[in-house]
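Counting along the sequence shown from 1, when you hit position 200 you're at 200 in UniProt numbering, and nothing is skipped either side. Here a beta-carbon is modelled for each residue, glycine too, at the ideal position from N, C-alpha and C. Nothing here was measured: the structure is a model prediction, and the numbers come from that model. Remarks on the structure that follows.
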Amino acid sequence: MSWAGFKKSMNRAGTTLLQKTGQIERTVDREFADEEAKYKTFEKECQALQKDSKGYLDAMRAMTAAQTRLAETIDTFYGAADKASEGAMAAHAYKRAVDDLDTGVGRELDAPYRTTVMEPLGKMNAYFPVVNEHIAKRSKKLLDYDAARSRMNKLIQKPSEDPTKLPRAQQEHDDAKEVFDMLNEQLIAELPQLLDLRVPYFDPSFEAMIRMQCKFAEEGYEKLSGVQRYFADNVRDDYAAGQLDAQVEGVLQEMRELSICGAS
């Protein structure tokens, strides 16, 4: 930072302190404050959306990877017991199905999701530092304006013996006000426009996300439905009637009765 920049920074810090103690009047712009509050909410929501969108993709990868590991173990269990049994064939079919789903995440979800959802979100969030820089610049120019107005008013209330001080203070006030007004008016006009663009901007991403999720769900249903043909027709009815729970409990009881599982 240059010496001039450092001096300006110190002057603004002093102005802020004097405003807090009530010695310099603070300009309050309700219109800007309302627009800034809406913008800050939008910024926060977009950042959360980007984080959650990445979390969704990571979760889909983790889910299909976990399914694959689960299927590998089940396939090993059934295949080691009896490769020709219906259970072994079902386990192998399940493994093939989840392998296809895991591959499908990369082929049909991962890359398209990044292109149509993650990248647009990233581009939107990339605007915020630029906008925030303009808001910060406005705040600095507002401090300069308030300080210049205070100096001018003091000279009006208590004229100086130097006749050049008041015209100079008046010019500094007018220059500071002009710069502040330009930034203020720009932000008040453009912040609402930025917010109004959020729906048409996110429309394609939202539609693409729904379509991809629907396609993945449909493929998952189709592939896993193919595994069901290896099970007896009455399995679903047995599950609804609680008979499968009873079968599991029966096997658990047999395991408990084994000497290697019994309590010593």
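Under 6 Å Cβ to Cβ from residue i, same chain only, skipping five residues before and after it: list those, please.
i    : result
R149 : H173
C261 : M255
Return helix, strand or coil for residue i, following the three-state DSSP convention.
i    : result
E222 : helix
A62  : helix
D52  : helix
G242 : coil
D144 : helix
S139 : helix
E161 : coil
C46  : helix
F128 : helix
I210 : helix
V235 : helix
L166 : helix
I188 : helix
V251 : helix
Residues in the same chain with beta-carbon distance under 8 Å from residue i, minus the five sequence neighbours each way, listed in chain order, please.
i    : result
L191 : E35, E36, K38, Y39 and V131
S205 : T116, V117, P120 and L121
Could you tell me the alpha carbon to alpha carbon distance between residue i and residue j, rounded to whole angstroms?
i    : j    : result
E178 : G104 : 59 Å
V251 : G55  : 39 Å
G226 : A232 : 13 Å
R140 : H134 : Per the sequence shown, residue 140 should be read as Lys rather than Arg. Each residue's alpha carbon lies about 10 Å from the other.
A136 : Q47  : 19 Å
A126 : T116 : 16 Å
I210 : E218 : 12 Å
D203 : L121 : 12 Å
F77  : G87  : 10 Å
Where does the unbroken alpha helix (DSSP H) through residue i begin, and where does it stop?
i   : result
M89 : E86 to G104
Hey, does residue i have any beta-carbon neighbour from chain B nearer than 8 Å?
i    : result
I135 : The structure shown has no chain B; it contains just one protein chain.
Leaving aside the five residues before and after residue i along the sequence, list all residues of the same chain whose C-beta is less than 7 Å from its C-beta, in chain order.
i   : result
K95 : A71, E72 and D75
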